[in-house]
Amino acid sequence: MHELSIVMSIVELATAQAASHDAVAIEEIELDIGCLSGIEMDSFDFAWQQAVKRTILEHAQRRVNRIAGKAFCLDCETEFAMAHLYDGCPVCGSHLCQVKSGKELRLRSLVLPD
0 MHELSIVMSI VELATAQAAS HDAVAIEEIE LDIGCLSGIE MDSFDFAWQQ AVKRTILEHA
60 QRRVNRIAGK AFCLDCETEF AMAHLYDGCP VCGSHLCQVK SGKELRLRSL VLPD
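Letter by letter, the sequence shown follows residues 0 to 113 in numbering that gives the first Met the number 0.
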């Protein structure tokens, strides 16, 4: 379950950012997680519940923006929605594609108390 190590890294990053602003709490955390990132959201949610206990994030509201997968076919130059990382081009069937979005894993913002 690699989601636990990802969540632990997010907790560490958010805690460090809050500390750099002398904050003792985080009210809200916003994350971007791509649909092609390989993160299983049920496992991520479970890991999150466990990892934030007794941390600065324990009572924070968590917002997750799911980023849709998009790719560009290098053979026929078609941009298309990609549901799975190894989907082929729906126009020409080529698998020579460049992923344009959907692999993101980003801490977008933190809301700290005044």
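Using N, Cα and C, we set each Cβ at its ideal position, and we do this for glycine too.
Taking the C-alpha atoms as reference points, what is the distance between S105 and C91? The identity of residue 105 in the sequence shown is Arg, whereas the question assumes Ser. Cα to Cα, the separation comes out at about 32 angstroms.
### Message
Rounded to whole angstroms, what is the Cα-Cα separation between E29 and A22?
### Response
17 angstroms
Applying the 10 Å Cβ sphere with the 16-neighbour rule, what's the burial state of E76? exposed
Next item on the list: Just tell me which of V10, S36, S4 has its CA closest to the CA of E103.
Entry: Answer by Cα proximity: S36.
Checklist entry - How far does the alpha helix (DSSP H) with D31 in it reach, from first residue to last? => result Note, D31: premise wrong, no alpha helix (DSSP H); beta strand (DSSP E) at 27 to 33.
**Prompt:** In terms of residue numbering, what span does the beta strand (DSSP E) encompassing L106 cover?
**Reply:** 104 to 110
Report the three-state DSSP secondary structure of S93 (helix, strand or coil). coil
Between the stretch 53 to 60 and the stretch 8 to 28, do three or more beta carbon pairs fall short of 8 angstroms?
yes
Checklist line | C-beta contact flag for D31 and I66 at 8 angstroms | finding: yes
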